[in-house]
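Everything below concerns the one structure shown next.
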Amino acid sequence: MSEFEPRIVAFLCHWCTYTGADLAGTTRQQYPPSIRVIHLMCSGAVDSIYVLKALIDGADGVLIGGCHPGDCHYQTGNYKARRRLAILKGILNQMGFTEDRVLLKWISASEGKLFADTVTKMTNDLKKMGPNPMKQLWNA
Amino acid sequence: MAQGKMRGDKSSALVIGAGIAGMQSALLLAEMGRKVFLLEQGPAIGGYFPLLDKTFPTNSCGVCFMSPTPPAFCPIYECHLHDNIELLPYSEVKKVEGTGGDFRVSIVRKPRFVDPKRCTLCEACIKVCPVEVEREFGGGLEKRKAIYLPYPQAIPHSLVIDPRTCTRCGECVKACAPGAIDLDMKEEEEEIGAGAILLGFGFEPFLAQKKGEYGFGRYENVLTSVQFERLISTSSPTQGFPVRVSDGKKMEKIAFIQCVGSRDPSCGQDHCSTICCMYATKQAMIAKERASGLNVTFFYMDIRPMGKDYERYYERAKSEYGIEYIRSAISSVKELQQTKNLFITYLKEDGIFEEREFDSVILSVGFTPPQNIKDIAGGMGLLLNQQGFCQTDEFHPAQTSVEGIFVGGAFRGPRDIPETVVEGSSAAAAAASFLAPNASSPSRKEYPMEGALGEEIPKIGVFICHCGEELKKSLSLFDLILGTKLLREVVHIEEVGLACLPEDLDLIKKRIGEHGLNRIVIAGCSHREIRKPMEEMAKGMGFNPYLIEYANIREQCAFVHRDLPELATEKAMVLIRMAVERARRIQPIRKGSQKVEKRGLVVGGGVAGMTASLRLAEQGYEVCLIEKERELGGNLRDSFYTLRGSNPQSLLQDLIQKVKNHPSIRPYFETEIIGFEKRNGHYKTKILRPDGEESLEHGALILATGGREVVPKEYLYGKDPRVITQRQLEKMIHLKDEGLKEVRSAVMIQCVGSRDEEHPYCSRICCGHAVKNALKLKEQNHSAQVYVLYRDVRTYGFYETYYHEARGKGIVFIRYDLEKKPEVALENGRLSVSVFDPAMGSRVSLPADRLILSAGVEPNDNRDLAKIFDVDLNPDGFFMEANPKSAPLDSVDRGKFFCGLCHSPNFIEDSISQGNASAARAGALLSKEAVEEKAYLANVIKRLCCGCGLCVTVCPYGARALNEEEVKAEVMESLCQGCGNCVVACRNGASQQRNFDKALNLAVLDAAID
Ligand code: FES
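Top to bottom, those sequences are chains A and B. Start counting at 1 in the first sequence, then tack on 949, and there's your number in this note's numbering. Start counting at 1 in the second sequence, then tack on 4, and there's your number in this note's numbering.
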């Protein structure tokens, strides 16, 4: 069997992290092609439903990217995202997902390298964790 | 470029210097509808700001809040995007002709040797370039080639060849596939016409080599603060992890030496550079966060965190971060040969020498005016001050010595970012007033009516752009096209070469017509790059621009998976599939707009409020000025002379006259605010006048409610008539009080009602006032002995020179600690003050014929007003800004601003700048006929709404309300910023966001995973 290639769904905020991801590109930072980016206006617009659905549908990991604390372009969206995720993680654990499959990361528009490193590290961590157990359910 | 033809006219503005101040001025004037030329001598705009990724006092970046139309990108990018701003990077002013109101400026555009339109940033040239030199960005710690990108996010985003180091070997020309390099490019001359010129020249760091005794340039591990800033930035080669220069080992024990090239007449720098205490403290904090266990020691004379919230920051640095501050003078810095560690000998306050070893030493360098400034100033006829910065009148801080030329920011002297933002805005206000008679007629583009797209079945056209063959290196376009064909509702697929250029745009336009396309997907570069030309094209043909989707297969795919063509192609296919899925579901957006009520309401008739009113009125808006007292003037009425020697009373008379005589300003006296309502697009304020109530409608609100001197609670104040405040002393001096003639000995105590438990902030102005009054007292009464008991002397900026003068005139400064406060005793009818003198190591007793308390500044009680206007107060009772760094005078809600003492303790000069600045920011809003709503507005599906009100609580902009009758939530469109936070808050799916509704996002998610 070929090596397991994790699939990550990322929700990036329009202002900081998406721009940071673009900067990773313009500066040619290389990272694994594991990630699929969905662009939203703010990390505070990431509904827990999206995260859950991504995992249930078989994504191996979910990345939420937002502006650094104090830098959210809508004042407090990132804090809301942080609080929401803390609660969601409790639920995920109970559902049998490892909470580590979901990562919230503050990445600014100037942190292209950090974006690339985050994806690289997350991909490697997921490889160690193995595929999303949900997938087996679908395939059973 | 055709020579001899002048661009710009009397109504336009030329901003020289694209740092923070210049960018701020440009953005505001552009928002006011002026044509702005933004000239920068470097190859990229931004000034020093791109070096900083975290700034004090928030330790975040936050600079995006600077835009007058939030939410926005970084100002560098916003300047680049703005329709009314034309960037003139890599240009220099050659000659300024004409006079204020009608300048003709000859400029030289230096050759880049790279055509930005053709360069795809593949960097093949960089690889082959044989010349390696120190990169200027970050103080020379890193290397670059002779052909280089100034810094990663540089705007213009294009390479440039440095002619000083390029050997013209031609290797790059050979390597460049698109043929973008031309080594024979020549400089071009051009003439710009402008009614006003704004200067944002900024500063330069002091050359640390000039203080040779600290070893910079000789000892490897001695860095400047500019270099250290770069080292700890997340975009540095070590990603912000601080390592030693000599061996790359982790830093363990570092020292900051303060005031290098500041407060030091021996190197021609007698001023205080104002911000070094704070930036160094920030660097220390960030470094400690990055490298746990790092030990940081500061060697300093006085610590000067005198800006809003800076004192708390400094206290946190000590208590939370454990940073050590040692008041001392450096005696020597020596390098240890084996370890390359540094050995510092220093003299402590008590006269004892001590030594310590560090692995790295950072020199907190001060700031000087730009090097070539004398020539530039000479060419414009500009007066500079003694230190070489721009000379301005104390009460006209934005005005240079030449009519029609304005200034803001660090070219007036070193200052922090908030002040620079304020002054950049202030210069814009002054320029706007000056330009007002030359109404601009910004070329409004007319677009054809849009067809009724959206309701029909989607017919999607997908255009895959290979970016001048660049993307083909890692993507198989063949496979992408094949895959796209299978997607539903896609009726046309085509490969294009450079979708951003006119030929391809025309082609796309043609295809839209031919195939009746009603949705477009562009697969290529990031939407941030291509959106503008695409939308222009769409609008030009009556195609709703919100029906264009973008699949980012360049920055977020081809460029980042260069060596994995198969997987990259697979990913690109998914990205296209997701974009098509979005395209199937998006709807056209026709942005609404709200008429602007072109009237400003200013609350408070002190210096800030009057200044703001005048600037607004001069721009052509009506102003209602509300004052609770019977007369205008506020605190200015009690101010009689300034440290710099100006006369506040004549300023007072001047302002009052102008306000009273201006036909567009309506002052209301003895008037209170009793109500406030938000309407869609404007505000309605209810006031109570002595003769009854009235309602005022207005588009902007400026709060300038002032502050007051703290009433001291200690040191026998109020119990003994000889104990007075600085303000009382000022009045006595002004009235030439007889009693002062008999004074043999006067003692001043600083920080009374500042930096203590009740007022944990620094009041900024008291040190300056003490020096001012001490000097005046001496002037009137030579034989008087004056003692100033202080904690830190905070005579920042050019005030430092007066402190120096005061010491020269025999005024004695004795330091005290909060733990050992001075004690006042009354013996046999005589007052005396006893204080522990750290230099002597013992207590001294000082007779005090007068005891003058430097009482701090506190805001007036604004609690009721804050509630009425729905704005926040900080813990100290000052109004709270949207962002302390880059939106220091704005409230979170659009159209509300603060200035003067209700914002923070200020000198008169600062209040004037803030008054100006708030008027510029309000003016930018009022200048529009109508405010455009945001595109991605929230909406409510009434049928599903249960009226729980969660969305109302969540909205940061007050754009949501509960309709009490229907028990349903509503959105005030003019206030909604489109963040989508309320969508998440809703449990019923009643709250949705245009083109980001839940069903759409879930569908895209499906497309992402399958
Ligand atoms: S806008 Fe980036 S997190 Fe809110």
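Positions of the beta carbon are idealized from the N, C-alpha and C atoms, including for glycine.
query, result
"The stretch 633 to 646 of chain B contacting the stretch 605 to 619 of chain B, beta-carbon criterion three pairs below 8 Å", "yes"
"Cutoff 7 Å: Ala1008 (chain A) Cβ touching any chain B Cβ", "yes"
"Neighbour flag for Pro1080 (chain A) against chain B, beta carbons, 7 Å", "no"
"Which of helix, strand or coil DSSP assigns to Met884 (chain B)", "coil"
"Exposure label - Thr396 (chain B); buried when at least 16 CB within 10 Å", "buried"
"Local conformation of Ala6 (chain B) per DSSP, three classes", "Caution applies to Ala6 (chain B), whose pLDDT of 43 falls short of 50 and renders its modelled position unreliable; the model cannot decide the point."
"Thr1025 (chain A) beta carbon less than 7 Å from that of Pro960 (chain B)", "yes"
"Exposed unless 16 or more other CB atoms sit within 10 angstroms - verdict on Asp1 (chain B)", "Residue 1 (chain B) is absent from the model: chain B starts at 5 and stops at 1014."
"Separation of Glu913 (chain B) from Cys394 (chain B), as counted between CA atoms", "15 Å"
"Shell residues, 6 Å Cβ cut-off relative to heavy atoms of the ligand FES", "A:Cys962, A:Trp964, A:Cys965, A:Cys991, A:Ser992, A:Gly993, A:Gly1015, A:Cys1016, A:Cys1021, A:His1022, A:Tyr1023, A:Gly1026 and A:Asn1027"
"Selected residue, minimal CA-CA separation from Gln560 (chain B), among B:Met541, B:Met538, B:Leu227 and B:Gly528", "B:Gly528"
"Ile468 (chain B) versus Ala994 (chain A) - alpha carbon distance", "29 Å"
"Ranges of the beta strand (DSSP E) found wholly within the stretch 456 to 540 of chain B, counting only runs of at least 3", "464 to 469, 494 to 500 and 523 to 528"
"Sub-7 Å separation of Phe371 (chain B) and Ser430 (chain B) beta-carbons", "no"
"Buried or exposed by the 16-neighbour rule on C-beta atoms within 10 Å, applied to Gln657 (chain B)", "exposed"
"Sub-7 Å separation of Ala810 (chain B) and Val775 (chain B) beta-carbons", "yes"
"Beta-carbon neighbours of Gln979 (chain A), restricted to chain B and to distances below 8 Å", "Val564, His565, Arg566 and Asp567"
"Thr709 (chain B) to Leu966 (chain B) span [Cα, whole Å]", "31 Å"
"For Glu44 (chain B), three-class secondary structure by DSSP", "coil"
"Under 8 Å from the C-beta of Glu1060 (chain A): neighbouring residues of chain B", "Asp57, Thr238 and Ser239"
"Short CB-CB distance (under 7 Å) between Asn866 (chain B) and chain A", "no"
"Candidates B:Asn684, B:Pro241 and B:Phe673: closest to Arg693 (chain B) by CA position", "B:Phe673"
"Where Ala934 (chain B) falls, given that 16 or more other Cβ within 10 Å makes a residue buried", "exposed"
"Euclidean distance between Cα positions of Ala973 (chain A) and Tyr794 (chain B)", "51 Å"
"Chain A contact for Lys575 (chain B) (CB, 7 Å cutoff)", "yes"
"Gly392 (chain B), DSSP secondary structure in three states", "coil"
"Environment of Leu490 (chain B) [buried if 16+ CB atoms lie within 10 Å]", "exposed"
"From B:Val495, B:Pro537, B:Cys504 and B:Ser530, residue whose alpha carbon lies closest to that of Gly517 (chain B)", "B:Val495"
"Asp1014 (chain B) burial status per 10 Å Cβ neighbour count (16 or more: buried)", "exposed"
"Residue-chain proximity (Asn878 (chain B), chain A), Cβ-Cβ < 7 Å", "no"
"Of the residues B:Gly104, B:Pro269, B:Arg148 and B:Phe901, the one placed nearest Ala870 (chain B), counting alpha carbons only", "B:Phe901"
"Proximity of Ala704 (chain B) and Leu930 (chain B) at Cβ, strictly below 7 Å", "yes"
"Per-residue burial, Ser915 (chain B) [other beta carbons within 10 Å of its own, 16 or more giving buried]", "buried"
"Short CB-CB distance (under 7 Å) between Ser895 (chain B) and chain A", "no"
"Contact with chain B by Ser1057 (chain A), beta-carbon distance below 7 Å", "yes"
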